[in-house]
Amino acid sequence: MDFLGGSLELRERQRLEGHTDRVWSLAWNPAAGVRGIPAMLASCSGDKTVRIWQEGPSGSWDCLAVLEDTHTRTVRSCAWSPSGKLLATTSFDATTAVWEHVGGDFECVATLEGHENEVKSVSWNTSGSLLATCGRDKTVWIWEMQPGNEFECVSVLQGHTQDVKMVQWHPVLDVLVSVGYDNSVKIWAEDGDGDDWHCVQTLNEASSGHTSTVWAVSFSSNGDRMVTCSDDLTLKIWDASSSPSETSDNSCGSWRLLCTMSGYHDRAIFSVNWSREGVIASGAADDAIRLFVESKDNSVDVPSYKLLLRKDKAHDMDVNSVQWNPKEPKVLASASDDGTIKIWELLEVPL
Amino acid sequence: MEPKASDTDDFLESTVLLDEAQYEEGFKDGYNDGLGLGKEEGREVGLKLGFQVGEELGFYRGCVDVWSSAIRVDPGAFSARLRKSIEQLGELVDKYPLSEPENEQVQEMMNTMRLKFRVISAMLGVRLEYEGYPKSSETDVVDF
């Protein structure tokens with residue numbers, strides 16, 4: 001992304017209110033915001049509901065639907081299927097609900113049970129055939145979608161020694177990444193024919209990984225790189241370009257650390273998201289949003305990233321989630337403990 | 001030629017020998033007592049652990065038997081993946097080395113079985129649980 005020499009600004013377009021408790025997570029509908037279909041955003045909250053927001057013709061956002069009376073506790077995370085027709089929501093009530101968008105309504109078409117307690121995150125793979133969830137019971141579950149909106153459990157992955165905070169599928173490879181309270185990043189792959197998923201690599205302190213809870217992970221749009229954020233106040237960029245496999249000596253796979261960004265945050269970093277144009281957004285416990293890009297400094301061999309912009313007091317409280325609009329790469333949504341969602345636009349203001 | 005031990009040396013020697021003799025007797029008594037106690041406790045612990053392992057394995061065997069019967073009655077009611085998982089659990093139960101309590105792999109085998117059982121329960125859509133062992137979400141308590 002090139003900037004022509006003006007100054008950058010993250011301008012607040014709108015503040016979405018409605019939730020009555022902290023907003024944990026956001027998800028842009030990947031099929032909306034294009035071909036005449038208005039942009040759609042899902043948010044989930046400690047108020048046990050999920051809200052669906054839609055952009056009106058004038059560019060202002062309204063609440064299209066409130067999905068309630070299903071989860072009995074905090075809804076912690078939400079994710080749209082690649083087709084945009086289904087929305088998966090996970091809750092502290094240990095269930096994962098799958099909703100179908102029919103007309104203007106959302107109907108709960110499946111409930112996935114299995115986790116022993118709070119489910120923290122959900123992710124669909126690129127083809128939409130697999131769903132992954134993770135939670136406080138330290139396990140990662142993989143579900144396969146069957147005809148008729150049925151889901152079948154494929155595998156339960158053990159390996160993390162503490163609460164698993166987030167799961168995310170690689171955008172290209174059939175590889176799953178999970179991160180958690182045990183400070184590690186785990187990479188899971190399938191053994192070819194069957195349902196034999198296992199951990200092919202662990203990125204922990206010994207492999208130059210994080211030294212405290214890893215909260216989130218995000219891939220660059222082509223899956224070449226991955227960024228993780230942590231309680232240890234750093235962002236780490238990893239090379240995620242090759243299909244990882246267990247080498248015979250079992251000591252290292254093929255994903256490695258490229259760069260650590262430290263000194264930019266002084267409070268825990270809860271969320272990180274990589275835009276289609278290569279801008280990395282972070283949301284932290286100091287209520288601020290920060291943007292980073294790769295610096296094209298030819299004098300060094302290793303990739304390096306620089307701070308593009310820091311938006312202090314983006315919210316009144318902790319920023320829990322930042323998500324770039326996949327269709328409008330300069331539009332960012334953020335969610336906070338203050339119960340609001342904000343829509344931002346990255347603008348270049350001429351000097 | 002060595003001089004003969006004097007009377008003084010003999011007197012001390014018998015005392016020292018008596019000391020040693022008493023020590024040895026005490027040691028033998030203590031050892032025998034300990035041996036008895038150790039065998040008693042060993043048997044108790046062995047019984048308890050054996051029962052726990054047996055009960056859990058029996059639980060899985062029972063579940064597999066019932067599920068296998070259901071599959072024979074109506075194979076179409078279960079997906080291929082589910083049938084395969086139930087079969088795999090049955091094999092794991094059969095393979096467990098009952099008479100090798102000191103086999104280092106038994107803990108891992110038990111974990112594999114527990115995990116397989118959780119997957120099958122989730123696929124069947126039932127909230128089945130073996131009550132005997134602590135959940136992974138609690139701290140690991142080894143009741144031993």
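Those protein sequence lines, which keep their order, are chains U and L.
Oh and the first sequence: position 177 is 177 in the UniProt record's numbering, straight run, nothing missing.
Oh and the second sequence: position 99 is 99 in the UniProt record's numbering, straight run, nothing missing.
Glycine is no exception: its CB is placed at the ideal position from the N, C-alpha and C atoms.
Since we're looking at a predicted model, the values are computed, not measured.
Inset, instruction - If I'm right that ALA132 of chain U touches GLU116 of chain U with Cβ under 8 Å, what's the distance once you round it to whole angstroms? - result: Locating residue 132 of chain U in the first sequence gives position 132, where the first residue counts as 1. Locating residue 116 of chain U in the first sequence gives position 116, where the first residue counts as 1. The Cβ separation is near 17 Å, so there is no contact.
Inset, instruction - Take the Cβ of ASP232 of chain U as the centre, count every other Cβ of all protein chains shown within 10 Å, and call the residue buried at 16 or more, exposed below. - result: Within the first sequence, the letter at position 232 stands for residue 232 of chain U. Its Cβ being crowded by 16 or more others within 10 Å, ASP232 of chain U is buried.
Legend entry - Reduced DSSP category for SER295 of chain U - H, G, I as helix; E, B as strand; rest coil: Residue 295 of chain U sits at position 295 when you count from the first residue of the first sequence. The three-state secondary structure of SER295 of chain U, taken from DSSP, is coil.
Inset, instruction - Return the CA-CA distance between VAL227 of chain U and ASP301 of chain U, expressed in angstroms with no decimal places. - result: Sequence index remark: in the first sequence, residue 227 of chain U carries index 227 (1-based). Sequence index remark: in the first sequence, residue 301 of chain U carries index 301 (1-based). Cα-Cα distance, rounded: 19 Å.
Legend entry - Proximity test, Cβ basis, 8 Å: MET109 of chain L and chain U: Residue mapping note: residue 109 of chain L aligns to position 109 of the second sequence, counting from 1. So no, MET109 of chain L is outside the interface.
Inset, instruction - For MET317 of chain U, count neighbouring C-beta atoms within 10 Å of its own C-beta (all shown protein chains included) and say buried if the count is 16 or more, exposed if not. - result: Residue 317 of chain U sits at position 317 when you count from the first residue of the first sequence. By the Cβ-count criterion, MET317 of chain U is exposed, with fewer than 16 other Cβ atoms from all chains shown falling within 10 Å of its own Cβ.
Inset, instruction - Determine the DSSP secondary structure at GLY54 of chain L, reduced to helix, strand or coil. - result: Counting from 1 along the second sequence, the entry for residue 54 of chain L is found at position 54. In the three-state reduction of the DSSP assignment, GLY54 of chain L falls in the helix class, which pools H, G and I.
Inset, instruction - Verify the CB distance criterion: does ARG119 of chain L have a CB-CB separation below 8 Å to chain U? - result: Taking the second sequence and counting its residues from 1, the one referred to as residue 119 of chain L is at position 119. For the sequence presented, residue 119 of chain L should be read as Val rather than Arg. True, the Cβ-Cβ gap to chain U drops below 8 Å.
Legend entry - 8 Å Cβ cutoff, VAL98 of chain U in contact with chain L: Here residue 98 of chain U is taken as the residue at index 98 of the first sequence, counted from 1. Output row for VAL98 of chain U: interface = no.
Inset, instruction - Can you give me the Cβ contacts of SER123 of chain U inside the same chain, cut-off strictly under 6 Å, excluding the 5 residues immediately before and after it? - result: Taking the first sequence and counting its residues from 1, one reaches residue 123 of chain U at position 123. Once the five neighbours on either side are set aside, the close Cβ partners of SER123 of chain U are ALA79, ALA132, VAL167, GLN168 and TRP169.
Legend entry - Three-state secondary structure assigned by DSSP to GLU40 of chain L: If you number the second sequence from 1, residue 40 of chain L lands on position 40. Correct three-state label for GLU40 of chain L: helix.
Inset, instruction - Would you be able to state if there are at least three C-beta pairs under 8 Å between the region 313 to 330 of chain U and the region 24 to 39 of chain U? - result: Taking one beta carbon from each stretch, the region 24 to 39 of chain U and the region 313 to 330 of chain U have 3 or more pairs nearer than 8 Å; the two touch.
Inset, instruction - Taking C-beta pairs closer than 8 Å, name the residues in chain L that VAL34 of chain U reaches, listed in chain order. - result: To locate residue 34 of chain U, count along the first sequence from 1; it is residue 34. Result: empty, since nearest Cβ-Cβ is about 36 Å, beyond 8 Å.
Legend entry - Own chain partners of GLU44 of chain L with C-beta closer than 7 Å, once the 5 adjacent residues on each side are dropped: Counting from 1 along the second sequence, the entry for residue 44 of chain L is found at position 44. Around GLU44 of chain L, the same chain offers no residue with a beta carbon nearer than 7 Å, after the five sequence neighbours per side are excluded.
Inset, instruction - Under 7 Å Cβ to Cβ from GLN107 of chain L, same chain only, skipping five residues before and after it: list those, please. - result: Taking the first residue of the second sequence as position 1, residue 107 of chain L is located at position 107. Closer than 7 Å at Cβ, skipping near neighbours: no residue.
Legend entry - Contact under 8 Å by Cβ, HIS315 of chain U with ASP287 of chain U: Working through the first sequence from its first residue, we reach residue 315 of chain U at position 315. Working through the first sequence from its first residue, we reach residue 287 of chain U at position 287. Taking 8 Å as the Cβ cut-off, HIS315 of chain U and ASP287 of chain U qualify as a contacting pair.
Inset, instruction - Name the residue from U:THR126, U:TRP141, U:GLY33 and U:SER220 whose alpha carbon lies nearest to the alpha carbon of GLU55 of chain U. - result: As a first step, residue 55 of chain U is located in the first sequence; it is residue number 55 there, counting from the start. Taking only the C-alpha atoms, the option nearest GLU55 of chain U is U:GLY33.
Inset, instruction - Give the residues of chain U in contact with SER99 of chain L, contact being defined as C-beta atoms less than 9 Å apart. - result: Here the question's residue 99 of chain L lines up with position 99 in the second sequence. Neighbourhood of SER99 of chain L in chain U, by CB distance below 9 Å: empty, with the nearest CB roughly 27 Å away.
Legend entry - chain L residues whose Cβ lies nearer than 9 Å to that of GLY103 of chain U: Residue 103 of chain U sits at position 103 when you count from the first residue of the first sequence. Under the 9 Å cutoff, chain L gives no residues; its nearest Cβ is about 28 Å from GLY103 of chain U.
Legend entry - Per-residue DSSP class, three states only, for ASN320 of chain U: In the first sequence, the residue the question calls residue 320 of chain U occupies position 320. The answer is strand: DSSP assigns ASN320 of chain U an E or B state.
Inset, instruction - Name the one or two DSSP bridge partners that TYR60 of chain L has. - result: Here residue 60 of chain L refers to the residue found at position 60 of the second sequence. Partner(s): none; TYR60 of chain L has no beta bridge.
Inset, instruction - Can you tell me which of L:ASN111, L:LEU35 and L:GLU102 puts its alpha carbon nearest to the alpha carbon of LEU89 of chain L? - result: Residue 89 of chain L sits at position 89 when you count from the first residue of the second sequence. Of the candidates L:ASN111, L:LEU35 and L:GLU102, the one whose C-alpha sits nearest the C-alpha of LEU89 of chain L is L:ASN111.
Inset, instruction - From the DSSP output, read off the bridge partner residues of VAL34 of chain U. - result: Here residue 34 of chain U refers to the residue found at position 34 of the first sequence. VAL34 of chain U is bridged to U:ILE37.
Legend entry - Per DSSP, the bridge partner or partners of ASN273 of chain U: The count along the first sequence starts at 1 and reaches residue 273 of chain U at position 273. ASN273 of chain U is bridged to U:ALA281.
Inset, instruction - Identify, in the order they occur along the chain, each residue of the same chain with its Cβ nearer than 8 Å to the Cβ of GLU328 of chain U, setting aside the five sequence neighbours on each side. - result: As a working note, residue 328 of chain U is residue 328 in the first sequence. Excluding residues within five positions, the ones whose Cβ falls inside 8 Å are GLY33 and ALA39.
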